[in-house]
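What follows is a set of notes on a single structure, which appears directly below.
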Amino acid sequence: MDRRDTTYGGRIALQVGVVAVFLSAVPVHGMHLGEGDEFSTESSRARFEVGIGTWVSLGRTKWDHDASPVDPNLGNPTSELDYKETRSIIAELQGKLTFDEWLFLRASAGYGGIGGGTLVDDDYVSAQGATAFGTSVSGPHRVSRTESDIDGDYLWYINLDAGMTLFRFPHNRGAVRTFLGYQHWREKSVGKSVHQLECTAVGTLCSAPGTISFPGVPAITNKVEWNSLKLGLESDVLIFRWLTFQLSAAYIPLAVMTNEDTHHLRSDLRKDPSFSMTGTGQGYNLEAGARVRVLESLYFSTGVRYWELFVYDGEWRNHPVVGASSTVNLNKLGSQRYGITFLLSHTF
495 MDRRDTTYGG RIALQVGVVA VFLSAVPVHG MHLGEGDEFS TESSRARFEV GIGTWVSLGR
555 TKWDHDASPV DPNLGNPTSE LDYKETRSII AELQGKLTFD EWLFLRASAG YGGIGGGTLV
615 DDDYVSAQGA TAFGTSVSGP HRVSRTESDI DGDYLWYINL DAGMTLFRFP HNRGAVRTFL
675 GYQHWREKSV GKSVHQLECT AVGTLCSAPG TISFPGVPAI TNKVEWNSLK LGLESDVLIF
735 RWLTFQLSAA YIPLAVMTNE DTHHLRSDLR KDPSFSMTGT GQGYNLEAGA RVRVLESLYF
795 STGVRYWELF VYDGEWRNHP VVGASSTVNL NKLGSQRYGI TFLLSHTF
């Protein structure tokens, strides 16, 4: 995944959101809001909010590695796998406990099945490899490209946050808060069938273009897991008494990644897994939306959400059936998920 392509929009959104929040934030101390307004400073009151919702989302996990130091016939990158447009409708539960309108604890959890997508698998050779394998194209190049249909499996995540109010806007118009948090995010995808799109070494390394092999049979299973620390800002801006605009931007300074690929059709590799990857990276969580007061304590929210985590420089290890494993450089690995959210919540 090219960092310039995948992170530019997220970075711009993050920067604009943070600047907008701080330019509009004015410290107001000792404010008492009118009865019925969304924000209150009653000193002895604790408030609990629970919500149930959904996230209609698309996702992507893409990685590549360099095994050319182990085998000079291989290119850099050696292989690139792109699990893209993985669709999932996620059910989500949320809970938030607010103390004195200044401190809060929050938790959310989501689960969904993977309803479809495409796996693109690219392999590369060096100039030496092109000669050794007798490819129809000379020099370093992509020797093979295949596609598989992603049909299953699942994803789930949890978020745990603790935060405090930094500013309150004049005229009861909202607040700016900061928070620290932890996120666990796991996805599993299964690619079935193998459709050969390109091959420059027919019969040696790959099949003729147009060949469809193993229809409906699992070819590759991928499992990626992230454990992350978050530092964020969020804001609520009251537009009308019944309508609030919400914005949240979290920077992830540390994300610990593990990734496993199981190649079911290769007899030379183990199946538990075939390849494993580790690394540390960073990322972003961005959200924006609107919240409507339906009844006195009942709210409906909708918005957009974008998550991205990425590793540049990790370790890739193979697990052959015979012989020792080799460890080489993982050039990059990234995961994204984005889409539209809907939430119904009640405040006690």
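Here my numbering is used: the first residue of the sequence shown is 495, the next is one more, and so on. Just so you know, even glycine gets a beta-carbon here, dropped at the ideal spot from N, CA and C. Quantities reported herein were computed from a predicted structural model and do not represent experimental measurements.
For Ala713, the uninterrupted beta strand (DSSP E) run begins and ends at 706 to 734, by DSSP. Judged by DSSP secondary structure, Phe627 falls within the alpha helix (DSSP H) whose first and last residues are 621 to 627. When Ile706, Gly589, Asp616 are compared, the shortest CA-CA separation from Ala603 is found for Gly589. Taken atom to atom, the span from the alpha-carbon of Glu728 to that of Tyr778 is near 13 angstroms. Pairing Gly783 with Leu827 gives a Cβ-Cβ distance that is not under 8 angstroms. For the region 655 to 695, there is no continuous alpha helix (DSSP H) assignment of 4+ residues that stays within its boundaries. Relative to Val805, the option among Val798, Ala818, Asn753 whose CA is nearest is Asn753. Residue burial annotation: Ser620 is buried, with at least 16 other C-beta atoms found within 10 angstroms of its C-beta. Taking each of Leu748, Ser632, Tyr618 in turn and checking the Cα distance to Tyr676, the smallest one comes out for Leu748.
When secondary structure is reduced to three states using DSSP, Leu759 falls in the coil class, being assigned neither helix nor strand. Inside the region 777 to 832, DSSP marks whole beta strand (DSSP E) runs of 3 or more residues at positions 792 to 812, from first to last along the chain. When the Cα atoms are used, Gly668 and Thr659 turn out to be separated by approximately 10 angstroms. Taken through DSSP and simplified to helix, strand or coil, Asn570 comes out as strand. Between Leu552 and Thr580, the C-beta spacing is below 8 angstroms. At the C-beta level, Thr698 and Thr756 stay beyond 8 angstroms of one another. Under the Cβ criterion (8 angstroms, minimum of three pairs), the region 684 to 691 does not count as touching the region 617 to 634. Beta-bridge annotation (DSSP): Ser551 is paired with Ser582, Gly833. Ile608 sits in coil when the DSSP states are folded into three classes, being neither helix nor strand. Residue burial is scored here from C-beta neighbours: Pro709 has fewer than 16 other C-beta atoms within 10 angstroms and is therefore classed as exposed. Listed in chain order, the non-local C-beta contacts of Gly607 below 6 angstroms within the same chain comprise Tyr648, local neighbours out to five positions each way being set aside.
Nearest neighbour of Ile834 by Cα position, chosen from Gly646, Ile546, Ile583, turns out to be Ile583. According to the DSSP secondary-structure assignment, Phe739 is paired through a beta bridge with Val731, Ala784. Of Gly797, Glu790, Gly685, the smallest CA-CA separation from Leu780 is found for Gly797. Sixteen is the threshold: since fewer than 16 other Cβ atoms of the shown chains lie within 10 Å of the Cβ of Asp766, the residue is exposed. Spanning the alpha carbons of Gln776 and Lys724 requires a straight line of approximately 10 angstroms. Here Gly697 carries a coil assignment [DSSP, helix/strand/coil]. When C-alpha distances from Phe663 are compared across Asp576, Arg811, Val731, Tyr745, the shortest belongs to Val731. In this structure, the CA atom of Val670 is about 16 angstroms from the CA atom of Tyr745.
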